[in-house]
Structure formats: structure tokens, C-alpha cells
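The number in the working numbering is simply the position in the sequence shown, starting from 1, with 217 added. Yeah, the Cβ is synthetic: ideal placement off N, Cα and C, and Gly gets one too. Inspection log for the structure reproduced underneath, given as C-alpha cells.
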Amino acid sequence: MADNAKWYVVHTYSGYENKVATNLEKIVENRGLEDQILDIRVPTETVTEIKDEKTREVERKIFPGYVLIHMVMTDDTWYVVRNTRGVTGFVGPGSKPVPLTDEEIEALGVARKDVVVNFKVGDSVNVMSGPFEGFVGVVSAIDLDNQRVTVAVSMFGRDTPVELELGQVRAVD
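As C-alpha cells, then:
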């Protein structure tokens, strides 16, 4: 059943996003709906704020008033979510929720796919696509969160660091 799950957006009262997420998690646990409502997220980002000459890291909501839910849409799950305190409704025309597309989910960075790389820092890799296609370089950094790799490519007799997507490189056999 989890294969049919899609991401839906729920509109909440402003400032109630975390409360709605917590309430929904409790309801899911109490009613045994873990196989139908798989994930509940309030998208946030960390921002550096400078106030009164003091710098501090602040967690800020990306979409105030909205909660993302990965769920299988049935009459029961719709009812549970819709009747949770603080929820004003699903995003979509009328009372018909519209799931997010794969492209929208990827752009939001909500559902990250685990990436397995077959190389490590210090390994030689072939660049398979892009402007540096055909070059061979040495991996100097791997950023799995952003799915990027930094490769030192030799150009004009100098090693030049180039940032590429993980899919653009392959380990040298």
C-alpha cells in the first residue's frame, strides 16, 4: 500500500504547523495508520540572522501555514487529516486534494533519495557529461546532501577544482 503513497499539501492556521504535525503523528500512532500516513513534514531552512551586531542561526519555515504529508489517499486518511485541529484543508480544487508531482517534490528537496557512490575522496573518476566530459580527475570532496562532488581536473598543467553532480562522474575501473 505504501507504493501508492503521494505527497499532499495541507493548509493550516498560521503558526500551527508544528502543532498540526505533532497532533497528526499522535493520531496516526493511536489509530495504527503508519502504513497509510508515512511521513509528516514542516519544511524549514536554517538562516543566519544578524540582530544588534549578534549573529545567530535561526530555523525558519519555508512555507508558513503549510504542512507536507506523504500518505495513501483514502476516505479514512482524508477524514483523519482534514479533521485534525488546526487544519483548514488540503491544497487543491474544492475538497479534492491534488498530490505533488515528482518534479515538485524534487525541487522542494522533501524526499531525498539515498545516493550510493562507488568512489571516495582521493579516488580517480571519469567525467561522463557536461563541459568537462572526457576529463579524468581526483575526488577532493563529496557532498551527499546536495548530491555534488568536487573533482580536481588537470587543465593547462594545473589542477582546477570543478563542482559536478554525482551522476556526472564514474569511478575509474
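Query, Result
"Bounding residues of the beta strand (DSSP E) (the contiguous stretch that carries Y225)", "223-229"
"Through-space distance from V366 to F206, alpha-carbon basis", "Any question about residue 206 goes unanswered here, given that the chain covers just 218 to 390."
"For R302, the three-state DSSP class (helix, strand or coil)", "coil"
"Opening and closing residue of the beta strand (DSSP E) in which T272 lies", "271-278"
"One or two residues paired with A388 in a DSSP bridge", "V342"
"Own chain, CB closer than 6 Å to L317, minus 5 neighbours either side, in chain order", "W224"
"Alpha carbon of Y283 to alpha carbon of D319, nearest angstrom", "18 Å"
"Neighbour-count burial assignment, E234, 16 or more Cβ in a 10 Å radius", "buried"
"Continuous alpha helix (DSSP H) stretch holding T239: start and end", "234-248"
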